[in-house]
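Asker:
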Amino acid sequence: MNTEFFTALELLEKEKGIKIDYMLEKVHQALISAYKRDQGGNTNVKVIIDAAKKDIRMYQLMEVVEEVTDEKTQISADEALKISRKYSIGDTAEVEIKPKNFRRLSASTAKQVIIQGIREAERGIMIQEYEEKKEEIITATVHKIDPVSGNVIVDTGTSIATILKTEQIPGETFIENQKIKVFVMEVKKDTTKGPIVTLSRTHSGLVKRLFELEVPEIQDGVVVIMGIIREAGSRTKMAVMSRDNDVDPTGACIGSKSMRIAKIVDELRGEKIDIIKYSETPAEYIKAALAPAVVKAVVMDAERSSRVYVDSDQLSLAIGKEGQNVRLAAHLTGCKIDIKTE
């Protein structure tokens, strides 16, 4: 039984990455607990697990006495001497539990513990894997779409997770087995259900990570993303700067013939993306942030307040539909923007 048991643990370690030492600790605790139940609460037991020899033994710990008054906790000096000549009255003798009793006790207990231990270990592994992917992009496969809630069940390769309707790009549709990129927003630990993972398609971090994957200059640290504001499904404004005067940060993000940005727009289902050149000068930053509108002048009334002047034919473009363009520009720059015509 012991050999087969250790062989099974070795297979678990290879197949699921669950360490043998972890499982043996669980078994050790469970055998003591099972013995306690079997013996009416008696915890005078010792478990020795020898992984090298693939051997498990259990011993009752009994007080050596001259006259036995409690057979569960005491052993006579004469009986103790039959186990070892070293025992004398007052010592604690280790009496090995009979193999047939041990096997009955251990076989069922070990089975239950292994099943529970596997589940706990797998949850722990999943939590660790998701923790490492927090605020990163992962590729998931659409498993099922809930027709009532609109939530999308996806297979992340680690587990089954859910993209809530509120975290989906407005108007976005999915089909089963479709591959999509999602942003891991948050990972919460749940000891009974495993990790609770919040996946998003609307988070601005998704756009940021997509550019980091697509633009080598960002990966190398030459081009830096300084800020990003997004209204998912409609428009994103992203400010970038270059640490190399010979590298145009906006051009690097857009790519030759707009190939780089086109891939990202396609992944975001046609969402418009404005690449803004970052500036330490507030007026210049605001001017760039209002793209695609052409700005004639920016007057800073205070540290975080400005008046922007545009030609009349640029007014609606600068404000944007339902004020979106100026709203995003204000959030991106952190400044109040009042748009006027001359």
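Each residue of the sequence shown is one higher than the last, beginning at 1 in the numbering used here.
Virtual Cβ for every residue (Gly too), placed ideally from N, Cα, C.
Since this is a predicted model, take the numbers as computed values, not measurements.
Considering only the beta carbon of each residue, do residue 288 and residue 279 sit closer than 8 Å?
Answerer: In the sequence shown, the residue the question calls residue 288 occupies position 288. In the sequence shown, the residue the question calls residue 279 occupies position 279. In this structure, residue 279 lies closer than 8 Å to residue 288 by Cβ.
Asker: If you draw a straight line from the alpha carbon of residue 259 to that of residue 123, how long is it in whole angstroms?
Answerer: Position 259 of the sequence shown, counted from the first residue, corresponds to residue 259. Position 123 of the sequence shown, counted from the first residue, corresponds to residue 123. So the two alpha carbons sit approximately 41 Å from each other.
Asker: Is the number of C-beta pairs between the stretch 297-315 and the stretch 264-278 that are closer than 8 Å three or more?
Answerer: Touching, no.
Asker: Do the CB positions of residue 341 and residue 308 come within less than 8 Å of each other?
Answerer: As a first step, residue 341 must be located in the sequence shown, where it is residue number 341. As a first step, residue 308 must be located in the sequence shown, where it is residue number 308. No, the Cβ-Cβ distance between residue 341 and residue 308 is not below 8 Å.
Asker: In the DSSP assignment, the beta strand (DSSP E) including residue 143 goes from what residue to what residue?
Answerer: On the sequence shown, residue 143 is found 143 positions in, with the first residue counted as 1. Here the beta strand (DSSP E) through residue 143 covers 137-145.
Asker: In chain order, what residues of the same chain lie with their CB nearer than 7 Å to the CB of residue 95, ignoring the 5 residues before and after it?
Answerer: Within the sequence shown, residue 95 is the residue found at index 95, counting from 1. Taken in chain order, the residues that qualify are 59, 60, 62, 75, 83.
Asker: Mind checking which residues open and close the alpha helix (DSSP H) that includes residue 266?
Answerer: Taking the first residue of the sequence shown as 1, we reach residue 266 at position 266. It spans 259-267 - the alpha helix (DSSP H) in which residue 266 sits, taken as one unbroken run.
Asker: Since residue 20 contacts residue 118 with CB under 8 Å, what's their CB separation in whole angstroms?
Answerer: In the sequence shown, counting from the first residue as 1, residue 20 sits at position 20. In the sequence shown, counting from the first residue as 1, residue 118 sits at position 118. Actually they do not touch by this definition, with Cβ atoms about 12 Å apart.
Asker: So within the stretch 231-255, which uninterrupted beta strand (DSSP E) runs reach at least 3 residues, ignoring any that extend past its ends?
Answerer: Within the stretch 231-255, the complete beta strand (DSSP E) runs of at least 3 residues are 235-242.
Asker: Quick check on DSSP: helix, strand or coil for residue 37?
Answerer: As a first step, residue 37 must be located in the sequence shown, where it is residue number 37. Note: residue 37 maps to helix in three-state DSSP.
Asker: Candidates 69, 65, 67, 23: which alpha carbon is nearest residue 49's?
Answerer: Position 49 of the sequence shown, counted from the first residue, corresponds to residue 49. Residue 23 is the option with its Cα nearest to residue 49.
Asker: Does the CB of residue 166 have a neighbour CB from chain B at under 8 Å?
Answerer: The structure shown contains no chain B; it holds only a single protein chain.
Asker: Hey, how far is the Cα of residue 115 from the Cα of residue 8?
Answerer: Within the sequence shown, the letter at position 115 stands for residue 115. Within the sequence shown, the letter at position 8 stands for residue 8. If you take the alpha carbons of residue 115 and residue 8, they lie about 12 Å apart.
Asker: Do you know offhand how far residue 245's Cα is from residue 256's?
Answerer: As a position in the sequence shown, residue 245 is number 245, starting the count at 1. As a position in the sequence shown, residue 256 is number 256, starting the count at 1. So the alpha carbons of these two residues sit roughly 19 Å apart.
Asker: Can the beta-carbon of residue 187 be found less than 8 Å from the beta-carbon of residue 161?
Answerer: In the sequence shown, the residue the question calls residue 187 occupies position 187. In the sequence shown, the residue the question calls residue 161 occupies position 161. The answer is no: Cβ separation not under 8 Å.
Asker: Could you tell me the alpha carbon to alpha carbon distance between residue 185 and residue 25, rounded to whole angstroms?
Answerer: Here residue 185 is taken as the residue at index 185 of the sequence shown, counted from 1. Here residue 25 is taken as the residue at index 25 of the sequence shown, counted from 1. Using only the alpha carbons, I get a separation of about 34 Å.
Asker: Kindly identify the DSSP beta-bridge partner or partners of residue 93.
Answerer: As a first step, residue 93 is located in the sequence shown; it is residue number 93 there, counting from the start. In DSSP, residue 93 forms a bridge with 62.
Asker: Can you tell me whether DSSP reads residue 338 as helix, strand or coil?
Answerer: Residue numbering aside, residue 338 sits at position 338 when the sequence shown is read from its first letter. Residue 338: strand per DSSP, three-state reduction.
Asker: Please report the distance separating the alpha-carbon of residue 11 from that of residue 142.
Answerer: Residue mapping note: residue 11 aligns to position 11 of the sequence shown, counting from 1. Residue mapping note: residue 142 aligns to position 142 of the sequence shown, counting from 1. Spanning the two alpha carbons is a distance of roughly 31 Å.
Asker: For residue 113, does the count of other Cβ atoms within 10 angstroms reach 16, so buried, or fall short, so exposed?
Answerer: As a working mapping, residue 113 is identified with position 113 in the sequence shown. The residue is buried, with at least 16 neighbouring Cβ atoms inside 10 Å.
Asker: Considering only C-alpha positions, which residue in the set 151, 173, 171 is nearest to residue 164?
Answerer: Start at 1 with the first residue of the sequence shown, and residue 164 comes out as number 164. Looking at the Cα atoms, 151 is the closest of the given residues.
Asker: Taking a contact to mean a Cβ-Cβ separation below 8 Å, would you say residue 240 touches residue 225 in this structure?
Answerer: Position 240 of the sequence shown, counted from the start, is the residue given in the question as residue 240. Position 225 of the sequence shown, counted from the start, is the residue given in the question as residue 225. Cβ atoms of residue 240 and residue 225: closer than 8 Å.
Asker: CA-CA distance, residue 138 and residue 121?
Answerer: Translated into positions along the sequence shown, residue 138 becomes position 138. Translated into positions along the sequence shown, residue 121 becomes position 121. Using only the alpha carbons, I get a separation of about 22 Å.
Asker: Taking the DSSP output, what are the residues bridged to residue 48?
Answerer: Counted from its first residue, the sequence shown places residue 48 at position 48. Paired residues: 57.
Asker: Among 166, 217, 175, which one has its Cα closest to the Cα of residue 202?
Answerer: Along the sequence shown, one-based indexing puts residue 202 at 202. Among 166, 217, 175, the Cα nearest to that of residue 202 belongs to 166.
Asker: Taking all protein chains shown into account, decide if residue 29 is buried (16 or more other Cβ within 10 angstroms of its Cβ) or exposed.
Answerer: Counting from one through the sequence shown, the residue named residue 29 turns up at place 29. Exposed is the call here.
Asker: Measuring CA to CA, which of 204, 212, 251, 220 is closest to residue 233?
Answerer: Along the sequence shown, read from residue 1 onward, the residue named residue 233 stands at position 233. Answer by Cα proximity: 204.
Asker: Using DSSP's beta-bridge definition, name the partner residues of residue 88.
Answerer: Your numbering for residue 88 matches position 88 in the sequence shown. The partner list for residue 88 (beta bridge, DSSP) is empty, contrary to what the question assumes.
Asker: Looking at the secondary structure, which residues open and close the beta strand (DSSP E) in which residue 75 lies?
Answerer: Numbered from its first residue, the sequence shown carries residue 75 at position 75. Its beta strand (DSSP E) spans residues 74-76.
Asker: Give every residue of the same chain whose Cβ lies closer than 8 Å to the Cβ of residue 32, excluding the five residues on either side of it in the sequence, and list them in chain order.
Answerer: Against the sequence shown, residue 32 aligns to sequence position 32. Around residue 32: 43, 45, 47.
Asker: Cα-Cα, which of 183, 140, 13, 323 is closest to residue 174?
Answerer: Counting from one through the sequence shown, the residue named residue 174 turns up at place 174. Ranking 183, 140, 13, 323 by Cα distance to residue 174 puts 140 first.
Asker: With a Cβ-Cβ cutoff of 8 Å, do residue 333 and residue 286 count as a contact?
Answerer: Here residue 333 corresponds to residue number 333 of the sequence shown, with the count starting at 1. Here residue 286 corresponds to residue number 286 of the sequence shown, with the count starting at 1. Cβ distance < 8 Å, so residue 333 and residue 286 count as in contact.
Asker: Give the list of continuous beta strand (DSSP E) stretches no shorter than 3 residues that lie fully inside the stretch 289-342.
Answerer: The qualifying runs are 297-302, 305-310, 336-341.
Asker: First and last residue of the beta strand (DSSP E) that includes residue 186?
Answerer: Along the sequence shown, one-based indexing puts residue 186 at 186. First-last of the beta strand (DSSP E) with residue 186: 179-188.
Asker: Can you tell me the Cβ-Cβ gap for residue 183 and residue 200, rounded? I've got them flagged as a contact below 8 Å.
Answerer: To locate residue 183, count along the sequence shown from 1; it is residue 183. To locate residue 200, count along the sequence shown from 1; it is residue 200. Right, the Cβ-Cβ distance comes to about 5 Å (below 8 Å), so this counts as a contact.
Asker: Rounded to the nearest angstrom, what separates residue 215 and residue 236 at their Cα positions?
Answerer: Locating residue 215 in the sequence shown gives position 215, counting from the first residue. Locating residue 236 in the sequence shown gives position 236, counting from the first residue. Distance between the alpha carbons of residue 215 and residue 236: 17 Å.
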